[in-house]
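Heads up, the thing below is written out as structure tokens.
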Amino acid sequence: MPGQPARELPQLNIGTILRAGVSEWRIGHGLAPRACEGWQLVYVLDGMVEEVTDGRPLRLRRGRMLLHQPAETCGMQAVGPVPPEVLRLEFEAGGTLLDTFRSRTVVASPEERNALRLLTGAVRDGWQVIEDGARLPEPLRRPDPPLGTERLQQLYLEQTLWLAARRLRHEGRKLSPRAQAEQKQNDLVQGARLYLAQHLEENPTLAQVCQAAGCSRAALQRAFSERTGYTLREYTARMKAEQAAGLLALGYAPGEVAARLGYSSPAYFSQRFRALTGQTPTAYRRDPKPLHLCNK
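Here the sequence shown is numbered in our numbering, starting from 22 and rising by one per residue.
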């Protein structure tokens, strides 16, 4: 409208590809923390990894990506039951479009996954990664890559970022403030659930779960209460009971299950299991049926 300043459009300028690689990791292996020279895209093609940003852990599953900012300290460890395959690409870039990706994990859409597939192929054409024990050395540029390989990496990377940013901004405009708050709570709950599922046997503290989810205690407790109907403590107890039921169904003795899941004693395990399921562990073991204790 006349008299109103023109809205500034976001900009993106992709520069040099500093290093890149597509690697399959053994469970427990990973990358030592180091400072990022440029922006660094991480995309999980398969499996799951724990990405650490300035000391904050975050689980990334298949189909998810994030961008580390320049000067951030990042590291990684392969976790979960399946050896993960990960694309990592560090690059120089500028422009306000990159602000869209600060401090957020992106679940790639089908269109974005297609662009990432092309990017992965171009990275494989241009870089080689040699396994060396538990860690990987610096990726090496191939001495004679196909014509235009680095330019294609830049183009496919730019395409991926534009597609993702356009979708995220459009989704943000569509959601009402209340819906955005609910979505944020859902993200917190899902992140905490994933962390709990991987660490139930260790009896993680509330502080550890909050650190993994990247939020305060009050925010996480409120998210669980409003989105699940349970406190975090109640939800964790139900998750443990469901996992215990699975072990009992496989034939584990109640005492073995109690020890494996970190209950203080078999008697306490039996008491908690019966309170949540209405059955003793022994009775459930004789006639196991699916449990859905975490669904309200």
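Here a beta-carbon is modelled for each residue, glycine too, at the ideal position from N, C-alpha and C.
* To do: Examine chain C for any beta-carbon lying closer than 8 Å to the beta-carbon of Pro164, and answer yes or no.
  => Absent from the structure is chain C; it holds one protein chain and no more.
* Inter-residue Cα distance where the pair is Gly147 and Glu111 -> The residue given as residue 147 occupies position 126 in the sequence shown. The residue given as residue 111 occupies position 90 in the sequence shown. The straight-line gap from Cα to Cα measures roughly 13 Å.
* Range of the contiguous alpha helix (DSSP H) that encloses Gln98 -> As a first step, residue 98 is located in the sequence shown; it is residue number 77 there, counting from the start. No alpha helix (DSSP H) holds Gln98; the beta strand (DSSP E) holding it covers Thr94 to Val100.
* To do: Compare the Cα-Cα distances from Gln206 to each of Thr249, Arg172, Pro164 and Pro225 and report the closest residue.
  => Indexing the sequence shown from 1 puts residue 206 at position 185. If we check each option's Cα against that of Gln206, Thr249 comes out closest.
* **Cut-off 8 Å between Cβ atoms - residues of its own chain near Ala296, not counting five sequence neighbours on either side** => Taking the sequence shown and counting its residues from 1, the one referred to as residue 296 is at position 275. For Ala296, where only same-chain residues beyond five positions count, there are no Cβ hits under 8 Å.
* So Ser291 and Pro275 are in contact, right, with Cβ under 8 Å, and what is the actual spacing, rounded? -> Sequence index remark: in the sequence shown, residue 291 carries index 270 (1-based). Sequence index remark: in the sequence shown, residue 275 carries index 254 (1-based). At roughly 6 Å, the Cβ-Cβ gap stays under 8 Å, so Ser291 and Pro275 are in contact.
* Asked: From this set, Phe245, Arg82 and Arg293, which residue's C-alpha is nearest Pro323's C-alpha?
  -> Lying outside 22 to 317, the shown extent of the chain, residue 323 is not represented and no answer is given.
* Asked: Can you give the Cα-Cα distance for Arg156 and Ala53, rounded to whole angstroms?
  -> Here residue 156 is taken as the residue at index 135 of the sequence shown, counted from 1. Here residue 53 is taken as the residue at index 32 of the sequence shown, counted from 1. For Arg156, the pLDDT reaches just 47, beneath the cut-off of 50, and the residue's location in the model is therefore unreliable, leaving the point undetermined.
* Just reading off the beta strand (DSSP E) that Pro78 is part of, what are its end residues? -> Here residue 78 corresponds to residue number 57 of the sequence shown, with the count starting at 1. Taken as a continuous stretch (DSSP letters only), the beta strand (DSSP E) holding Pro78 covers Arg77 to Arg82.
* Pull up the DSSP beta-bridge partners for Leu161, would you. => Your numbering for residue 161 matches position 140 in the sequence shown. Gln149.
* Have a look at Val70 and Glu106 and give me their C-alpha separation to the nearest angstrom. => By one-based count along the sequence shown, residue 70 stands at place 49. By one-based count along the sequence shown, residue 106 stands at place 85. If you take the alpha carbons of Val70 and Glu106, they lie about 9 Å apart.
* Asked: Distance, Cα to Cα, Arg55 vs Val73?
  -> Numbered from 1 along the sequence shown, position 34 holds the residue referred to as residue 55. Numbered from 1 along the sequence shown, position 52 holds the residue referred to as residue 73. Going by the C-alpha atoms only, they are around 10 Å apart.
* Asked: From Pro167 to Val100, what does the alpha carbon distance come to, in whole angstroms?
  -> One-based indexing of the sequence shown puts residue 167 at position 146. One-based indexing of the sequence shown puts residue 100 at position 79. Straight-line Cα distance between these residues: approximately 34 Å.
* To do: Please determine, among Gln211, Met86 and Phe294, the residue with the shortest C-alpha to C-alpha distance to Ala266.
  => Reading the sequence shown from its first residue, position 245 is the one you call residue 266. For Ala266, the nearest C-alpha among the options comes from Phe294.
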